[in-house]
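Under UniProt numbering, the first residue of the sequence shown carries the number 1, and numbering increases by one thereafter. Don't be surprised by glycine CBs; every beta carbon is placed ideally from N, CA and C.
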Amino acid sequence: SFYFKLIFGSYYFCFVQFSLFPIPKRKRGITGDVASRREEIRKRERRVVETAEERSRRLSTIAQRGQDRRAEETEEQRNSRLVIMAQRGQERRAEGTNEQRNSRLSAMLQHARERRLNIIEGQNHHQIQTFYTARTV
């Protein structure tokens, strides 16, 4: 029963992990518009040379835009945004529990292996002892 649970549990974990939530594949080569890619590179280069004052001004304008957008949003939009945030948190926690479960299962397997090895070593030790006592008598 214990082994069935262990095997079925790990099978279930693999099923949930690999078939229900496939990991998205990374796109290769040029994706999207080349012009927008070049524009991104130019922005990044400008950011490298900007001073601390310019950086703080840029970040404050970004923050101000976010505040303005939130001030304009309706109650329903705010609720939906909060629901989405809560769902993301739940998904992150679910991923964490899957990882924790995986590590717990591997620790259990390792412990069982060690216990089996200890039993085998103990049996060998007992056999060696009986062999030598039989020889000395």
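Could you check if residue i is buried or exposed, using at least 16 other CB atoms within 10 Å of its CB as the buried criterion?
i, result
"valine 16", "Residue confidence for valine 16 is low, a pLDDT of 49 falling below 50, so the modelled location carries little weight; the figure read from the coordinates is stated next. Its Cβ having fewer than 16 others within 10 Å, valine 16 is exposed."
Which two residues bound the contiguous alpha helix (DSSP H) that contains residue i?
i, result
"aspartate 68", "52 to 72"
Between residue i and residue j, what straight-line distance do the alpha-carbon atoms span, to the nearest angstrom?
i, j, result
"asparagine 98", "methionine 108", "15 Å"
"asparagine 124", "glutamine 110", "21 Å"
"aspartate 68", "isoleucine 62", "10 Å"
"serine 36", "arginine 65", "22 Å"
"arginine 70", "aspartate 33", "30 Å"
"threonine 74", "glutamine 90", "25 Å"
"tyrosine 132", "histidine 126", "10 Å"
"serine 106", "arginine 78", "42 Å"
"arginine 44", "glutamate 114", "53 Å"
"isoleucine 128", "glutamine 100", "42 Å"
"isoleucine 84", "asparagine 102", "27 Å"
"glycine 96", "alanine 52", "37 Å"
"residue 218", "arginine 135", "As displayed, the chain neither begins before 1 nor continues past 137, which places residue 218 out of reach and without an answer."
For residue i, decide whether its Cβ has a neighbour in chain C, counting only Cβ atoms nearer than 7 Å.
i, result
"arginine 46", "Among the protein chains of the structure shown there is no chain C, as only one such chain exists."
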